[in-house]
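Number of protein chains: 2
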Amino acid sequence: MINTFEVTILGCSSASPTPDRHPSSQLVNINNQYILIDCGEGTQNQIFKYHIKFSRISKILISHLHGDHFLGLPGLLSTLSLNGRIEPLDIIGPPGLQPFLEYFCKVSETHIKFPLNYIETNMYGLQQIFTCDKYDIYSFPLKHRITCTGFMIKTKAGPRKINKAVCDKYEVPLTAYNSLKAGEDYAMESGHIVENKILTLDPQEGKAYSYVSDSIYDEEIIQYVQDSDLLYHESTFLHEMLERANETFHTTALQAGAIAKAASVSKLIIGHFSARYKTLEPLVEEARTEFMNTDLALEGLTFAV
Amino acid sequence: MINTFEVTILGCSSASPTPDRHPSSQLVNINNQYILIDCGEGTQNQIFKYHIKFSRISKILISHLHGDHFLGLPGLLSTLSLNGRIEPLDIIGPPGLQPFLEYFCKVSETHIKFPLNYIETNMYGLQQIFTCDKYDIYSFPLKHRITCTGFMIKTKAGPRKINKAVCDKYEVPLTAYNSLKAGEDYAMESGHIVENKILTLDPQEGKAYSYVSDSIYDEEIIQYVQDSDLLYHESTFLHEMLERANETFHTTALQAGAIAKAASVSKLIIGHFSARYKTLEPLVEEARTEFMNTDLALEGLTFAV
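Chains as they are written, first to last, in our numbering: chain C, 1 to 305; chain D, 1001 to 1305.
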């Protein structure tokens, strides 16, 4: 049963931070298990600022090795270790990430006192990189200046729900509930079979959050994020900067809205804003001309998936 | 002529930051030429916060390669490059620093578009690592868990000052002023020699700022920081934590005060506070029992040297 599936924005700036915007980082909360997506410089301070419990982070996903997406990771790992963490941590990211962290630990003589499980992403289409009874994590390739992936976190559909009133009417014993939840029919003592759909209600549906960190406008993305309940898509520039967006392999707000529309997502949030924009309203207004249900992924905001 | 010689604190926490304390970094301003000392994670955001002009930074000194003293450097260099810097930057630090930064640039495909001049510190006593007409920079060895140096920045004594009234009395021409400032006597047309000290006033004295980043209590330091106008000394713990201080090669507030007293400095500021201390007053009160003219090196404060 998924009671909580939400995303808190910790950083929404592009490569150059601003006085009030930090580089990329987001925290996904699934039933109080935390997944950190990207970890720009200063992420640990943002975690403090928003009173997030470090100990609940079980996974860190890194989209790519531009500094604004991973330079907060060595410091965060050091702090977790200093604070006595012993639980393993999954680090999911591109091939160069593990050697970089090992190099940092060597040069700084830092000893991380808990196990790090590295899982490498790759660029070969949609890849399942983690699964458990509650959710799956997938990566998918993005077209950026260096190897880069997006991520999708998808909760699993829950078990069928017991319709207590109907079960009581048919005198179904509690011991049969688990098989009902699993979708099985119920055989009464008389031999009469009661169909599962009479005794149960439809399960909680799985939901999907998709994260597109840094990418040029790319229609290939649509298939990966199709029908997501929430899509984060970078929107570094306004469309008047299209040429610059193409040169730097970034997306405009208009293009992000177009991707959201084509992928029929339920909601779009945009971020990774260029430092040139003092006010961000024009970006969200531009995206809304393509896809109305768009919001700014501002730091400190939490979005339900 | 040195009009400004001051230090602004950008970070005052030890390895684990807190919600309102950042890892080590300080900005030294000498006549609007800036020298950054240490560059913990988030330093570039602190530079923004305190409205410091990035472009004026000409040197970055790194004391050692623990993450809380240099993890802000790759991001800062990237931002300077993105912002169009072309002026060279001196990077002064221990031997592993250059390879680390080069490794980061390689893995992240980051191209720093201005020249970096690396200057390596060493552990062989007091070393002059930079000199110009206004000031000298020295490094000196500290006893920490890894190779680590402190720094001293010392402005040069100014030229002797012209005593205009007396010069006029002796009808000294303006063309002779430069040699007077350089300390030479003046020969009148009559052949009479007027001693320099009659025609000039004592010059502006040089001043010294000493920085002791991370160190166990070490009386060797006294000789290096002797008579400094301003001494920053780490004070990670209260003296009741002496055992922990020794284990981790850090200093207590009481010990920092004792170093300041023995070195006859004019003023002491303490920092690098353990995250365990919610309030810092007990640390400064403890240091003052040894050396009264002590202040907390709190973020955003500026101290004249």
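Quick reminder that beta carbons are idealized off the backbone N, C-alpha and C, glycines included.
Since residue i meets chain D, which of its residues come closer than 8 Å, beta carbon to beta carbon?
{"i": "Thr79/C", "result": "Ala1015, Ser1016 and Pro1017"}
{"i": "Phe100/C", "result": "Tyr1103, Phe1104 and Val1107"}
Cα-Cα, which of the options is closest to residue i?
{"i": "Tyr1277/D", "options": "Phe1005/D, Pro1017/D, Met1001/D and Ile1009/D", "result": "Pro1017/D"}
{"i": "Tyr1135/D", "options": "His1144/D, Val1028/D and Leu1080/D", "result": "Val1028/D"}
{"i": "Leu1230/D", "options": "Val1305/D, Gly1271/D and Glu1290/D", "result": "Val1305/D"}
{"i": "Cys282/C", "options": "Leu254/C, Ile52/C and Leu126/C", "result": "Here the sequence assigns Pro to residue 282/C, which means Cys is not the residue at that position. Of the candidates Leu254/C, Ile52/C and Leu126/C, the one whose C-alpha sits nearest the C-alpha of Pro282/C is Leu254/C."}
{"i": "Gly1150/D", "options": "Cys1167/D, Ala1157/D and His1064/D", "result": "His1064/D"}
{"i": "Gln1128/D", "options": "His1272/D, Ile1153/D, Asn1163/D and Pro1019/D", "result": "Ile1153/D"}
{"i": "Tyr50/C", "options": "Phe130/C, Cys167/C and Val7/C", "result": "Val7/C"}
{"i": "Ser25/C", "options": "Ser55/C, Asn31/C and Gly67/C", "result": "Gly67/C"}
{"i": "Ser78/C", "options": "Leu101/C, Ile62/C, Leu97/C and Leu61/C", "result": "Leu101/C"}
{"i": "Leu1142/D", "options": "Leu1126/D, Gly1183/D and Asp1202/D", "result": "Leu1126/D"}
{"i": "Ile1146/D", "options": "Lys1053/D, Phe1249/D, Gly1271/D and Pro1203/D", "result": "Phe1249/D"}
{"i": "Asp1020/D", "options": "His1272/D, Asp1295/D, Phe1291/D and Ala1287/D", "result": "His1272/D"}
{"i": "Ala1187/D", "options": "Cys1167/D, Ser1055/D and Asn1293/D", "result": "Cys1167/D"}
{"i": "Asn1031/D", "options": "Leu1280/D, Val1265/D, Ser1014/D and Thr1004/D", "result": "Thr1004/D"}
{"i": "Ala1287/D", "options": "Gly1257/D, Lys1161/D and Gln1033/D", "result": "Gly1257/D"}
{"i": "Glu1109/D", "options": "Asn1083/D, Ile1092/D and Gly1075/D", "result": "Gly1075/D"}
{"i": "Cys148/C", "options": "His111/C, Met123/C, Gln204/C and Val107/C", "result": "Met123/C"}
{"i": "Phe140/C", "options": "Gly93/C, Ile112/C and His111/C", "result": "Gly93/C"}
{"i": "Ser81/C", "options": "Pro95/C, Lys59/C, Ser55/C and Tyr103/C", "result": "Ser55/C"}
{"i": "Phe130/C", "options": "Asp218/C, Lys59/C and Ala262/C", "result": "Lys59/C"}
{"i": "Tyr1083/D", "options": "Tyr224/C, Ser274/C and Leu201/C", "result": "The question names Tyr, but residue 1083/D is Asn in the sequence shown. Answer by Cα proximity: Ser274/C."}
{"i": "Thr121/C", "options": "Ser266/C, Pro95/C and Gly11/C", "result": "Pro95/C"}
{"i": "Phe1291/D", "options": "Leu1280/D, Lys1161/D, Thr1302/D and Lys1261/D", "result": "Lys1261/D"}
{"i": "Thr200/C", "options": "Leu296/C, Asn163/C and Tyr103/C", "result": "Asn163/C"}
{"i": "Gly1183/D", "options": "Thr1302/D, Gly1011/D and Lys1161/D", "result": "Lys1161/D"}
{"i": "Glu219/C", "options": "Ser190/C, Thr251/C, Phe303/C and His192/C", "result": "Thr251/C"}
So residue i packs on residue j, CB below 8 Å; how close in whole Å?
{"i": "Gly300/C", "j": "Ile9/C", "result": "7 Å"}
{"i": "His1233/D", "j": "Val1212/D", "result": "5 Å"}
{"i": "Ile259/C", "j": "Ile222/C", "result": "6 Å"}
{"i": "Ile1002/D", "j": "Leu1036/D", "result": "So it is not a contact: roughly 19 Å between Cβ atoms."}
{"i": "Lys1156/D", "j": "Asp1185/D", "result": "Between Asp1185/D and Lys1156/D the Cβ distance is about 22 Å, and since that is not below 8 Å, they are no contact."}
{"i": "Ile137/C", "j": "Leu97/C", "result": "Their Cβ separation, rounded to whole angstroms, is 16 Å, which puts Ile137/C and Leu97/C out of contact at 8 Å."}
{"i": "Ser1014/D", "j": "Thr1236/D", "result": "5 Å"}
{"i": "Pro159/C", "j": "Pro203/C", "result": "6 Å"}
{"i": "Ser264/C", "j": "Asn293/C", "result": "About 11 Å; that fails the 8 Å criterion."}
{"i": "His111/C", "j": "Asp214/C", "result": "That belief does not hold up - the Cβ atoms of His111/C and Asp214/C are roughly 32 Å apart, past 8 Å."}
Note down, in chain order, every chain D residue with its Cβ under 7 Å from the Cβ of residue i.
{"i": "Thr110/C", "result": "Gly1067"}
{"i": "Glu41/C", "result": "Glu1041, Gly1042, Gly1072 and Gly1075"}
{"i": "Gly96/C", "result": "Val1107"}
Spell out the partners DSSP gives residue i in its beta bridges.
{"i": "Lys161/C", "result": "Leu201/C"}
{"i": "Gln255/C", "result": "DSSP lists no partner for Gln255/C."}
{"i": "Ile1030/D", "result": "Phe1005/D and Gln1033/D"}
{"i": "Pro1141/D", "result": "Thr1149/D"}
{"i": "Leu1116/D", "result": "Leu1089/D"}
{"i": "Cys39/C", "result": "Ser25/C"}
{"i": "Val1212/D", "result": "His1233/D"}
{"i": "Lys1154/D", "result": "Asp1136/D and Ala1208/D"}
{"i": "Gln1128/D", "result": "Tyr1138/D"}
{"i": "Ala1304/D", "result": "Glu1006/D"}
{"i": "Ala1187/D", "result": "Ile1193/D"}
{"i": "Thr1018/D", "result": "Arg1021/D"}
{"i": "Asp295/C", "result": "Ile269/C"}
{"i": "His1064/D", "result": "Cys1148/D"}
{"i": "Gly72/C", "result": "The partner list for Gly72/C (beta bridge, DSSP) is empty, contrary to what the question assumes."}
{"i": "Ile1057/D", "result": "Tyr1034/D"}
{"i": "Gly1011/D", "result": "Ser1025/D"}
Residues of chain C with CB under 9 Å from residue i, in chain order?
{"i": "His1022/D", "result": "Gly42 and Asn45"}
{"i": "Arg1145/D", "result": "Glu109"}
Check the Cβ of residue i against every Cβ in chain C and list those closer than 8 Å, keeping chain order.
{"i": "Asn1083/D", "result": "Ser16"}
{"i": "Lys1049/D", "result": "Pro19"}
Quick one: which chain C residues come within Cβ less than 7 Å of residue i?
{"i": "Tyr1277/D", "result": "Correct list: empty, because the minimum Cβ distance to chain C is about 15 Å."}
Step through the CB atoms of chain B and report whether any lies within less than 7 Å of the CB of residue i.
{"i": "Leu116/C", "result": "No chain B is present in this structure, whose protein chains are C and D."}
message: Pairs of beta-carbons, one from the region 1234–1254 of chain D and one from the region 1170–1189 of chain D, closer than 8 Å: are there three or more?
response: Too few Cβ pairs lie closer than 8 Å, so no.
- request: Decide yes or no for the touch test of the region 70–81 of chain C against the region 40–56 of chain C: beta carbon pairs closer than 8 Å, at least 3 of them.
  value: Touching, yes, given that three or more Cβ pairs across the two stretches are closer than 8 Å.
message: Closer than 8 Å is the cut-off here; do at least three beta carbon pairs connect the region 208–226 of chain C with the region 178–185 of chain C?
response: Touching, no, given that fewer than three Cβ pairs across the two stretches are closer than 8 Å.
message: When you compare the region 1112–1122 of chain D with the region 1082–1091 of chain D, are there three or more beta-carbon pairs, one atom per stretch, that lie closer than 8 Å?
response: With the cut-off at 8 Å, the region 1112–1122 of chain D and the region 1082–1091 of chain D touch.
- prompt: Counting pairs of Cβ atoms below 8 Å between the region 214–228 of chain C and the region 179–198 of chain C, do you hit three or more?
  reply: Output reads no: the region 179–198 of chain C does not touch the region 214–228 of chain C.
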